[in-house]
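J.: Residue numbers for the sequence shown follow this note's numbering, so the first one is 289 and each next one is one higher.
Handing you a structure now.
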Amino acid sequence: MESLRLDDRVHRTVASSGLTILSEGLPGVRSVALGCWVRAASAHEARPQMGVSHLLEHMVFKGTERRSAREIALGLETRGGSLDAWTGRDHTSFQAHALDRDLAVAADLVTDLVRRPLLRPADLDLERNVVLEEINGVHDAPEDLVFDLHSALLWGGHPYGFPILGTPETVAALGSAELRAAHARGYYPGNCVIAAAGALEHDRLLEALAAEGWFDGPAGAPLPPAAPAPAHRGLRHHEVRDGQQAHLVIGTDTFPHRDPRRLALSLVVNAFGGGMSSRLFQRVREELGLAYSVYAWQQYFVSAGQLGVYVGTAPAAADRAEAAILEEFDRLAREGLAPAELEDAKRQLQGQLVLALESPASRMHRLAAFALHGEPWRAVDDLLREIDEVPADLVAAVAAEFLDPARQTVLRLGPER
């Protein structure tokens, strides 16, 4: 194994199996957050198998070689801890939060889920129904469904446009063979990243993982990332649906997580719609009174990224809200951020970053992101300095390119006009 000390309390080890392990010791806490990220998720799915990664994430909790579903549930909860999982576009993650004395228990449980699930056909019908109810819940929540519909419109037939949960039809067609194939394809050490933060020592973490067999077997390379996603810009679609509100997402593609313009775009999006002081909140809610909820967001994938604006408003006001938002898109694209506004955006982003890193779980997520996206380690103070040094001309160029109204794809979900 190759181990490297990245900072005073940050260590990285790359095992001969291909597994990457990162840890950060945090003084003053008595807990540990430990997670395993698998580089296999919805972006790796074929259309007929949409939702297989998410269904697999559910199925591993139904039983492992060592534990029943009940024993998995009790493993940390009876000790005051928790166990969770989620499926994203590029990665599936399994996470534990426990007292520091239970680090080995957390490592054992996460390993059981990732490496030793039974995936019994007898459990599949029950868990499939659970996932179908989850899909129904999204369909009954237009403020959630509108994001899936916008992604499908923006990305077309690329997997970034697939619903992570799948559809009722694809989930109904999935069997044990598909689940086992998905597990064999992605759930091996060389395709995983393990990160932990809290009251721990790196050597003790390595010992716990060695006891679970993570360093055994031949080396394996990670799965290749999803192919670049061609976006469909400037499209408009109204999905007609009865309801008391119209829900709109207005947005476009950007760039992958590793792009050096990421901080500049984050500054733009924060100033645009990142809080009560943002342009969108002040214009659409405070000045015009057209919506309760309006905000901008961005997210980055391995092979692409996107930004957008969400607004929920009365159907009769939807056209006015959309026009006002596009006017703000245009103004920021043409004028950029004023010097004082840019300084405020920098302070805001720095504050958000520091406050978000006040827990072991958030530190764990940050560690994993460096490995998953192939980025060099940066201490928090270095990142704060980078934010300070983002030049105004780069911010202006990013705003001009990605906030151009003609580039935005618009998805409206709600009643007829």
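From the three backbone atoms N, C-alpha and C, an ideal C-beta is built for every residue, glycine too.
1. Measuring CA to CA, which of A626, H438 and G577 is closest to S536?
2. Could you have a look at Q586 and say whether DSSP puts it in helix, strand or coil?
3. Taking Cβ to Cβ, would you say A487 is nearer than 7 Å to A656?
4. Secondary structure at F560, three-state DSSP: helix, strand or coil?
5. Considering just the uninterrupted stretch of the beta strand (DSSP E) at A303, what are its terminal residues?
6. Can you list, in chain order, the residues of its chain with a C-beta nearer than 7 Å to that of L453? Leave out the 5 residues immediately preceding and following it.
7. Buried or exposed: S291, going by 16 or more other Cβ atoms within 10 Å of its Cβ?
8. Can you grab the Cα-Cα spacing for the pair D372 / T366, in whole Å?
9. Use the C-beta contact count for P516: other C-beta atoms within 10 angstroms, 16 or more gives buried, fewer gives exposed.
10. Mind checking whether A680 and L643 have CB atoms under 7 Å apart?
11. At what residues does the alpha helix (DSSP H) containing E290 begin and finish?
12. Leaving out the 5 sequence neighbours to the left and right, which residues in its chain are closer than 6 Å to D378 when beta-carbon positions are compared?
13. Could you tell me if E333 is buried or exposed, where buried requires 16 or more neighbouring beta carbons within 10 angstroms of its beta carbon?
14. In whole angstroms, what separates the C-alpha of A687 from that of N558?
15. Buried or exposed, going by whether 16 or more other CB atoms sit within 10 Å of the CB of R700?
16. To the nearest whole angstrom, what separates the beta carbons of S381 and G323, a pair I think is in contact under 8 Å?
17. Secondary structure at L443, three-state DSSP: helix, strand or coil?
18. Measuring straight from C-alpha to C-alpha, what distance separates H346 and R549?
19. What is the rounded straight-line gap between the Cα of T308 and the Cα of G376?
20. Going by CA-CA distance only, name the one from P510, P451, Q532 and Q594 that's closest to I538.
21. Rounded to the nearest angstrom, what separates A602 and A579 at their Cα positions?
22. On the three-state DSSP scale, how would you describe P512?
23. According to DSSP, is P506 part of a helix, a strand, or is it coil?
24. How would you write the range of the beta strand (DSSP E) that S566 sits in, first residue to last?
25. Which residues does DSSP list as the beta-bridge partners of Q337?
26. With a threshold of 7 Å on Cβ separation, who are the neighbours of E489 within its own chain once the five nearest residues in sequence on each side are excluded?
27. Indicate the three-state DSSP secondary structure (helix, strand or coil) for R549 in the structure shown.
28. E677 to G351, Cα distance in whole Å?
29. So, helix, strand or coil for L578, using DSSP?
30. Is the number of C-beta pairs between the region 459-471 and the region 404-412 that are closer than 8 Å three or more?
31. Would G508 and G474 qualify as a contact pair, given that the criterion is a beta-carbon distance under 7 Å?
32. Measuring alpha carbon to alpha carbon, tell me which of R573, E610 and V556 ends up nearest Q586.
33. Output needed for H385: all residues of its chain with C-beta closer than 7 Å, excluding positions within five of it in sequence on either side, in chain order.
T.: Once the coordinates are examined:
1. For this step, residue 536 is matched to residue 248 along the sequence shown. Checking the sequence, you will find Leu at residue 536 rather than Ser. Nearest to L536 by C-alpha distance, out of A626, H438 and G577, is H438.
2. Along the sequence shown, read from residue 1 onward, the residue named residue 586 stands at position 298. The answer is strand: DSSP assigns Q586 an E or B state.
3. Taking the sequence shown and counting its residues from 1, one reaches residue 487 at position 199. Taking the sequence shown and counting its residues from 1, one reaches residue 656 at position 368. At least 7 Å separates the beta-carbon of A487 from that of A656.
4. By 1-based counting over the sequence shown, the position of residue 560 is 272. In the structure shown, F560 falls within a helical segment according to DSSP collapsed to helix, strand and coil.
5. Position 15 of the sequence shown holds residue 303. Run containing A303: none; DSSP gives neither H nor E here.
6. Position 165 of the sequence shown, counted from the first residue, corresponds to residue 453. The beta carbon of L453 sits closer than 7 Å to those of G339, H342, V419, E422, I423 and V426, all from its chain and outside the five residues before and after it, given in chain order.
7. Here residue 291 corresponds to residue number 3 of the sequence shown, with the count starting at 1. By the neighbour-count rule (16 or more Cβ atoms within 10 Å), S291 is not buried but exposed.
8. Position 84 of the sequence shown holds residue 372. Position 78 of the sequence shown holds residue 366. Using only the alpha carbons, I get a separation of about 15 Å.
9. Within the sequence shown, numbered from 1, the residue matching residue 516 stands at position 228. Classification for P516: exposed.
10. If you number the sequence shown from 1, residue 680 lands on position 392. If you number the sequence shown from 1, residue 643 lands on position 355. No.
11. Within the sequence shown, the letter at position 2 stands for residue 290. From DSSP, E290 is part of no alpha helix (DSSP H) but of the beta strand (DSSP E) over E290 to R293.
12. Counting from 1 along the sequence shown, the entry for residue 378 is found at position 90. Taken in chain order, the residues that qualify are A329, A331, F589 and V590.
13. For the purposes of this step, residue 333 is taken as residue 45 along the sequence shown, with counting starting at 1. By the neighbour-count rule (16 or more Cβ atoms within 10 Å), E333 is buried.
14. The sequence position of residue 687 within the sequence shown is 399, counting from 1. The sequence position of residue 558 within the sequence shown is 270, counting from 1. Distance between the alpha carbons of A687 and N558 is about 12 Å.
15. Locating residue 700 in the sequence shown gives position 412, where the first residue counts as 1. Buried, since its Cβ has 16 or more Cβ neighbours within 10 Å.
16. Reading the sequence shown from its first residue, position 93 is the one you call residue 381. Reading the sequence shown from its first residue, position 35 is the one you call residue 323. 6 Å between Cβ atoms; contact.
17. Start at 1 with the first residue of the sequence shown, and residue 443 comes out as number 155. The sequence given here places Trp at residue 443; Leu does not occur at that position. In the structure shown, W443 sits in a helix (DSSP, three-state: H, G or I).
18. Here residue 346 corresponds to residue number 58 of the sequence shown, with the count starting at 1. Here residue 549 corresponds to residue number 261 of the sequence shown, with the count starting at 1. Distance between the alpha carbons of H346 and R549: 36 Å.
19. Working through the sequence shown from its first residue, we reach residue 308 at position 20. Working through the sequence shown from its first residue, we reach residue 376 at position 88. C-alpha separation (whole angstroms): 20 Å.
20. As a first step, residue 538 must be located in the sequence shown, where it is residue number 250. Closest by alpha carbon: Q594.
21. Counted from its first residue, the sequence shown places residue 602 at position 314. Counted from its first residue, the sequence shown places residue 579 at position 291. Rounded to whole angstroms, A602 to A579 spans 8 Å at the Cα level.
22. Locating residue 512 in the sequence shown gives position 224, counting from the first residue. Coil, per DSSP.
23. Counting from one through the sequence shown, the residue named residue 506 turns up at place 218. Coil at P506, not helix or strand.
24. Here residue 566 refers to the residue found at position 278 when the sequence shown is read from its first residue. DSSP places S566 outside any beta strand (DSSP E), giving it a letter other than H or E.
25. Start at 1 with the first residue of the sequence shown, and residue 337 comes out as number 49. Beta-bridge annotation (DSSP): Q337 is not paired with any residue.
26. As a working note, residue 489 is residue 201 in the sequence shown. Residues of the same chain with a CB within less than 7 Å of the CB of E489, apart from the 5 flanking positions on each side, are G313 in chain order.
27. Along the sequence shown, read from residue 1 onward, the residue named residue 549 stands at position 261. The answer is coil: DSSP assigns R549 none of H, G, I, E or B.
28. As a working mapping, residue 677 is identified with position 389 in the sequence shown. As a working mapping, residue 351 is identified with position 63 in the sequence shown. Approximately 50 Å, taken between the alpha carbons.
29. Walking along the sequence shown from the start, residue 578 turns up at place 290. Three-state result, L578: coil.
30. They touch, by the three-pair rule.
31. Counting from 1 along the sequence shown, the entry for residue 508 is found at position 220. Counting from 1 along the sequence shown, the entry for residue 474 is found at position 186. Contact flag unset, no.
32. Along the sequence shown, read from residue 1 onward, the residue named residue 586 stands at position 298. Comparing Cα-Cα distances from Q586 to each of R573, E610 and V556, the minimum goes to V556.
33. Walking along the sequence shown from the start, residue 385 turns up at place 97. By the criterion of a C-beta distance shorter than 7 Å, H385 is surrounded in its chain by S319, A321, G369, S370 and A649, once the five residues flanking it on both sides are discounted.
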